[in-house]
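Right, one structure below, let's go through it.
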Amino acid sequence: MKVILKEDVEKLGQAGQVIDVADGFGRNFLFPRNLAIPALKGNLKSIDVIKRQKQAKDNKKKREAEKIKDKIEKLSLTAEVLTGDDDKVFGSVTTNDIAELLAKQGFEIDRRKIVLDEPLKALGVYTINIKLAHETTAQVKLWVVKKEIQA
């Protein structure tokens, strides 16, 4: 079955593309979620409209992401961790912890958008990348410091 994608579908195609999919996939997944329409003669004429709508939506998302990026890059986050002998960190600082620190500052960022090669297991200053939109990545400074234990 040939369909016209109305939205970008990961591992399938971009909005406005005409692609061939299995009948069941089109009827049971793409059409109910309003991700595609059948590739009929009348619908083929609307490809340009679909592409323009997608472009406008992408531009709006990018502008919003740029505003958020400017605000996030002014931040400096501090994660306090428990340490043992020789300042060895117990546990680690993960994307979940960073997302919570951002939430305290008023930014609801999904932890999956925070890019860490591996959890942070040492004291120090780190630059953390946060993927906000397709081509927009913010960088925030994260200080991993020793938690002061009060007696």
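When you line the sequence shown up against our numbering, it's residues 221 to 371, in that order. Here a beta-carbon is modelled for each residue, glycine too, at the ideal position from N, C-alpha and C. Please read all numbers here as calculations on a predicted model, not as lab measurements.
Inset, instruction - Note down, in chain order, each residue of its chain lying with its Cβ closer than 7 Å to the Cβ of residue 316, except the 5 sequence neighbours on either side. - result: Beyond the five residues adjoining it in sequence on each side, residue 316 comes within less than 7 Å, by CB distance, of 331 in the same chain, given in chain order.
Inset, instruction - Given a cut-off of 8 Å, decide if residue 329 and residue 270 are closer than it, judged by their beta-carbon atoms. - result: The answer is no: Cβ separation not under 8 Å.
Inset, instruction - Spatial neighbours of residue 226 within its chain, please: CB distance less than 7 Å, with the 5 preceding and 5 following residues excluded, ordered by chain position. - result: Result list for residue 226: 235, 254, 255, 256, 257, 270, in chain order.
Legend entry - residue 299 versus residue 282 - alpha carbon distance: Here the alpha carbons of residue 282 and residue 299 stand approximately 29 Å from one another.
Inset, instruction - For the alpha helix (DSSP H) containing residue 319, list its first residue and its last residue. - result: Residue 319 -> alpha helix (DSSP H) spans 315-324.
Legend entry - Assigned exposure category for residue 324 - 16 Cβ within 10 Å defines buried: Its Cβ having fewer than 16 others within 10 Å, residue 324 is exposed.
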